[in-house]
Amino acid sequence: MIIKNIEAKIKLATFLACGSFLTAIIIAVTALAFASRQAADARKSIYILAGNIPIMANQTDVAVNRPVEYRADIERFHSLFFSLTPDDKYIDYQLKKAMYLVDESGVQEYNNLKENGYFNSILSSSSVLTLTTDSISLDLNRKYFRYYGKLKIDRRSSTVIRSLITEGYLKDIPRSDNNPHGVLICGWKTLENKDLQDVQKNTL
Numbered sequence: 022m023i024i025k026n027i028e029a030k031i032k033l034a035t036f037l038a039c040g041s042f043l044t045a046i047i048i049a050v051t052a053l054a055f056a057s058r059q060a061a062d063a064r065k066s067i068y069i070l071a072g073n074i075p076i077m078a079n080q081t082d083v084a085v086n087r088p089v090e091y092r093a094d095i096e097r098f099h100s101l102f103f104s105l106t107p108d109d110k111y112i113d114y115q116l117k118k119a120m121y122l123v124d125e126s127g128v129q130e131y132n133n134l135k136e137n138g139y140f141n142s143i144l145s146s147s148s149v150l151t152l153t154t155d156s157i158s159l160d161l162n163r164k165y166f167r168y169y170g171k172l173k174i175d176r177r178s179s180t181v182i183r184s185l186i187t188e189g190y191l192k193d194i195p196r197s198d199n200n201p202h203g204v205l206i207c208g209w210k211t212l213e214n215k216d217l218q219d220v221q222k223n224t225l
């Protein structure tokens, strides 16, 4: 009888020890998961000092803002590339900034236009080019875009409105001063660049 009581107590002690051990493991894992989550949430917050008072400001998830940044980058590139004035230094400045946002496809397009006398014609005709964005179609899964805009060419003798449609792909790269959104336009090409209106001016 005494032996049976001793065995029962040993079994009970073993059971309690195992139970306590498992409970401790569960508590530790739960605490670790909670701490990790709290740390992740903390990294999404920054504090701004207003005088001596810290004010918490929530950071926006990068993935949420990415489509907005993509569209802003696409619009900025097209504006730099096509909105030009009859000033060779200004044209060089605009296109140099645009080249930071595009791969060799943009350089090739620039070289083609230069060889065809496009930029010289802007200078000789004193043309002012202004690009207006109509819309930007974006496929996030393929990182593909299609740009729709209107290009106004204001010359001494006439005002021409052209329909501009281009396409390309987007590549995420490290951010820099020259490419603040960290987006590189790849495989860029013009699908349509045709006159919609050509209004002659009264030069008399």
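Under this note's numbering, think of the first position of the sequence shown as 22, with each following residue one higher. Where is the CB? At the ideal position from N, CA and C, for every residue including glycine.
For residue i, which of the options has the nearest alpha-carbon?
{"i": "ASN199", "options": "ALA29, ARG97 and ALA49", "result": "ARG97"}
{"i": "ILE206", "options": "LEU53, GLU188 and ALA56", "result": "GLU188"}
{"i": "SER147", "options": "TRP209, GLU90, ILE194 and THR106", "result": "THR106"}
{"i": "LYS118", "options": "PHE102, ARG163 and SER57", "result": "PHE102"}
{"i": "ASP155", "options": "GLY138, ILE174 and HIS99", "result": "HIS99"}
{"i": "TYR111", "options": "GLY138, LEU150, ASN133 and ARG87", "result": "LEU150"}
{"i": "ASN223", "options": "THR51, ILE27 and ARG177", "result": "ARG177"}
{"i": "TYR190", "options": "LEU217, ASP216 and ASP160", "result": "ASP160"}
{"i": "SER104", "options": "ARG183, GLN221, LEU212 and LEU217", "result": "ARG183"}
Under DSSP, the beta strand (DSSP E) around residue i begins and ends at which residues?
{"i": "ASP160", "result": "149-160"}
Beta-carbon within less than 6 Å of residue i's beta-carbon, same chain only, minus the 5 sequence neighbours each way: which residues are those?
{"i": "LYS192", "result": "LEU205 and CYS207"}
{"i": "LEU185", "result": "GLY170, LEU172 and ASN214"}
{"i": "SER158", "result": "ARG167"}
{"i": "TRP209", "result": "VAL123, SER126, GLY127 and GLY189"}
{"i": "ASP175", "result": "VAL149"}
Enumerate in chain order the residues of its own chain whose CB-to-CB distance from residue i is below 7 Å, with the five nearest sequence positions on each side excluded.
{"i": "ASP219", "result": "SER179 and VAL181"}
{"i": "VAL128", "result": "MET120"}
Does residue i come out as helix, strand or coil in the three-state DSSP assignment?
{"i": "LYS32", "result": "helix"}
{"i": "ASN86", "result": "helix"}
Closer than 8 Å by C-beta to residue i: which residues in its own chain qualify, once you throw out the five before and the five after it? Chain order, please.
{"i": "ARG196", "result": "HIS202 and GLY203"}
{"i": "LEU116", "result": "LEU101, PHE102 and TYR131"}
{"i": "ILE194", "result": "ASN200, GLY203, VAL204 and LEU205"}
{"i": "ASP109", "result": "PHE140 and LEU144"}
{"i": "ALA45", "result": "none"}
| said: What ranges does the beta strand (DSSP E) occupy inside the region 154-209, keeping only unbroken runs of at least 3 residues that lie completely in it? | reply: Entirely contained in the region 154-209, the beta strand (DSSP E) runs reaching 3 residues are, in chain order, 165-175 and 179-193.
*Could you name each continuous beta strand (DSSP E) segment of 3 residues or more that falls completely within the region 100-144, going from the start of the chain to the end?*
If we require 3 residues or more, the region 100-144 turns out to have no beta strand (DSSP E) run fully inside it.
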